[in-house]
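Engineer:
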Ligand SMILES: *Cc1c(COP(=O)(O)O)cnc(C)c1O
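Residue numbers (my numbering): 3 to 482.
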């Protein structure tokens with residue numbers, strides 16, 4: 003077609019513009035009619051309009067007589083419309099395979115949910131539920147009761163409340179307890195979390211004033227004591243989460259802060275960030291307090307995320323005394339920050355695993371990935387290597403020891419020993435391989451270390467080892 007055109011007098015822009023079919027003409031075309039049976043008519047019409055507008059724009063931007071993509075025929079434009087429609091029907095949010103070894107990966111959706119959580123979400127969200135209905139009394143109930151008792155049971159706290167995420171939990175607590183007054187916080191705990199989002203800025207939105215004490219690396223009990231005035235409403239401790247000070251440092255324990263709080267009749271709040279519900283020694287974290295310990299040490303308010311170490315959905319969990327929780331529940335902000343029913347179902351089912359399932363380590367993916375035996379990881383790496391070698395992919399392949407991260411801004415200095423597959427492709431750069439895996443279906447996310455692609459087996463689900471091998475083999479089958 004192009005050859006034929008160029009052998010004649012080249013068409014001018016005007017000639018091409020005249021060739022472009024009208025909207026009506028397109029909508030009458032048989033192929034487009036067929037699309038109308040498969041897609042909503044309005045979507046077809048708007049796509050036709052969009053493709054035509056784009057075609058005109060491309061054409062006008064082009065130098066007169068220059069050849070370009072497409073011949074602007076009815077056929078050509080019909081194909082573009084079909085391609086556009088197909089693309090818009092594919093969800094943007096999709097499953098990916100996390101081969102980075104970062105367990106709570108902030109960019110990859112943090113905690114993958116347990117099957118039990120998904121089942122309760124599917125069952126209660128696809129039908130009606132007793133979300134706010136008391137089945138015993140047959141009258142209006144509260145959505146918060148579904149997780150309240152179980153949180154009391156697991157953590158030992160007097161009462162509990164849940165909101166949309168932990169940032170919301172912090173905002174709500176400060177707004178309830180310290181609006182218009184001062185909150186004492188150590189300078190070493192003023193943190194910024196993912197996406198350059200600063201906790202202190204969220205805190206200030208509550209209307210509380212932060213009174214920073216100590217220096218970045220050292221804060222003593224005396225610093226807190228000196229800062230207490232008649233304007234003080236609360237003493238706040240924040241888990242530094244995504245950074246750790248090493249060397250010449252000092253911070254004040256929750257226990258000491260509680261004593262100070264008692265002396266001055268001030269509540270003490272602890273934003274734990276990740277919030278372990280099980281002793282983290284099981285995955286090698288020695289000095290990290292559990293939520294239960296923080297409760298025992300007398301924190302008046304505790305907040306943490308549902309989708310970090312808890313391994314549930316995005317949510318903010320608030321623990322405290324009944325009176326405090328009641329005040330929080332009365333704050334009008336709770337309506338703006340309230341947890342939705344999908345989240346609530348996933349959270350309830352996850353929490354029930356902690357209290358009812360002796361095998362909860364196996365059933366909550368985050369816990370299972372953090373506690374998996376090294377030997378299992380090594381076997382998984384070997385499985386992938388065997389598959390790659392069998393297909394003779396042109397690469398230098400090795401099973402290597404490496405280290406994974408907990409992630410989610412949790413314990414940055416804590417490495418978990420892991421086994422990985424290390425790849426040095428011979429026919430493309432490691433960057434090319436990384437990109438091709440990332441843009442494949444499903445996307446496989448890997449890291450590059452010293453010019454080698456590293457596939458960390460810790461964060462692979464059982465069925466994913468085979469999928470990763472297949473994705474790599476397919477890449478080389480194409481280029482061969
Ligand atoms: C992660 C984190 C938050 C924010 O929690 P989200 O659930 O992401 O809103 C707040 N405080 C600390 C200490 C954290 O680690």
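The C-beta atom is built at its ideal place from N, Cα and C for all residues, glycine as well.
Return the Cβ separation of residue 357 and residue 152 in integer angstroms, given the expectation that the two are a contact with Cβ distance under 8 angstroms.
Structural biologist: Numbered from its first residue, the chain shown carries residue 357 at position 355. Numbered from its first residue, the chain shown carries residue 152 at position 150. Contact holds; Cβ gap of about 6 angstroms.
Engineer: Report the three-state DSSP secondary structure of residue 183 (helix, strand or coil).
Structural biologist: The residue labelled residue 183 in the question sits at position 181 within the chain shown. Note: residue 183 maps to coil in three-state DSSP.
Engineer: Expressed to the nearest angstrom, what Euclidean distance is found between the alpha-carbon atoms of residue 38 and residue 20?
Structural biologist: In the chain shown, residue 38 corresponds to position 36, counting from 1. In the chain shown, residue 20 corresponds to position 18, counting from 1. Approximately 26 angstroms, taken between the alpha carbons.
Engineer: Mind reading off the beta-carbon distance from residue 207 to residue 173? Whole number of angstroms is fine, and I expect it under 8 angstroms.
Structural biologist: Counting from one through the chain shown, the residue named residue 207 turns up at place 205. Counting from one through the chain shown, the residue named residue 173 turns up at place 171. Right, their Cβ atoms sit about 6 angstroms apart.
Engineer: Mapping DSSP to helix, strand and coil, what is residue 500?
Structural biologist: With the chain running from 3 to 482 in the structure shown, residue 500 is simply not present.
Engineer: Just to confirm, are residue 100 and residue 461 a CB contact at a threshold of 8 angstroms?
Structural biologist: Working through the chain shown from its first residue, we reach residue 100 at position 98. Working through the chain shown from its first residue, we reach residue 461 at position 459. Yes.
Engineer: Please tell me whether, using a cut-off of 7 angstroms, the distance from the CB of residue 241 to the nearest non-hydrogen atom of ligand 1 is below it.
Structural biologist: Locating residue 241 in the chain shown gives position 239, where the first residue counts as 1. Indeed, a heavy atom of ligand 1 lies less than 7 angstroms from the Cβ.
Engineer: Are residue 157 and residue 50 close, meaning C-beta to C-beta below 8 angstroms?
Structural biologist: Within the chain shown, the letter at position 155 stands for residue 157. Within the chain shown, the letter at position 48 stands for residue 50. Cβ atoms of residue 157 and residue 50: not closer than 8 angstroms.
Engineer: Please report the distance separating the alpha-carbon of residue 344 from that of residue 62.
Structural biologist: Within the chain shown, numbered from 1, the residue matching residue 344 stands at position 342. Within the chain shown, numbered from 1, the residue matching residue 62 stands at position 60. Cα to Cα, the separation comes out at about 49 angstroms.
Engineer: Could you check what DSSP says for residue 115 in three-state terms: helix, strand or coil?
Structural biologist: Here residue 115 refers to the residue found at position 113 of the chain shown. Coil, per DSSP.
Engineer: Let me know if residue 285 comes out buried or exposed under the rule of 16 or more other beta-carbons within 10 Å of its beta-carbon.
Structural biologist: Here residue 285 corresponds to residue number 283 of the chain shown, with the count starting at 1. Buried.
Engineer: Say the cut is 7 angstroms; is the CB of residue 320 nearer than that to a heavy atom of ligand 1?
Structural biologist: Taking the chain shown and counting its residues from 1, one reaches residue 320 at position 318. No.
Engineer: Give the straight-line distance between the Cα atoms of residue 313 and residue 91, rounded to the nearest whole angstrom.
Structural biologist: Here residue 313 refers to the residue found at position 311 of the chain shown. Here residue 91 refers to the residue found at position 89 of the chain shown. C-alpha of residue 313 to C-alpha of residue 91: approximately 31 angstroms in a straight line.
Engineer: Under 8 angstroms by Cβ, that's how I've got residue 473 and residue 446 pegged, so tell me the actual separation to the nearest angstrom.
Structural biologist: For this step, residue 473 is matched to residue 471 along the chain shown. For this step, residue 446 is matched to residue 444 along the chain shown. Confirmed, Cβ separation roughly 5 angstroms.
Engineer: State the CB to CB distance for the pair residue 116 and residue 366, rounded to an integer number of angstroms; the pair is presumed to be in contact (CB under 8 angstroms).
Structural biologist: Within the chain shown, the letter at position 114 stands for residue 116. Within the chain shown, the letter at position 364 stands for residue 366. In this structure residue 116 touches residue 366 by the C-beta definition: roughly 5 angstroms separates them, less than 8 angstroms.
Engineer: Are residue 104 and residue 380 touching if we call contact CB-CB under 8 angstroms?
Structural biologist: Start at 1 with the first residue of the chain shown, and residue 104 comes out as number 102. Start at 1 with the first residue of the chain shown, and residue 380 comes out as number 378. Contact: no.
Engineer: Using DSSP with H/G/I as helix, E/B as strand and the rest coil, what is residue 205?
Structural biologist: Counting from one through the chain shown, the residue named residue 205 turns up at place 203. It is helical.
Engineer: Cβ-heavy atom distance between residue 316 and ligand 1 below 7 angstroms?
Structural biologist: Locating residue 316 in the chain shown gives position 314, counting from the first residue. Yes.
Engineer: Using the beta-carbon count (16 or more within 10 Å), is residue 132 buried or exposed?
Structural biologist: To locate residue 132, count along the chain shown from 1; it is residue 130. Burial call: exposed.
Engineer: Quick one: does the C-beta of residue 276 sit closer than 7 angstroms to a heavy atom of ligand 1?
Structural biologist: Numbered from 1 along the chain shown, position 274 holds the residue referred to as residue 276. Yes, ligand 1 has a heavy atom inside 7 angstroms of this Cβ.
Engineer: When burial is assigned at 16 or more other CB atoms within 10 Å of the CB, is residue 109 buried or exposed?
Structural biologist: Looking up residue 109 in the chain shown gives position 107. Exposed, by the Cβ-count rule.
Engineer: Could you name the residues that DSSP lists as bridge partners for residue 41?
Structural biologist: For the purposes of this step, residue 41 is identified with residue 39 of the chain shown, where counting begins at 1. Residue 41 pairs with nothing; no bridge assigned.
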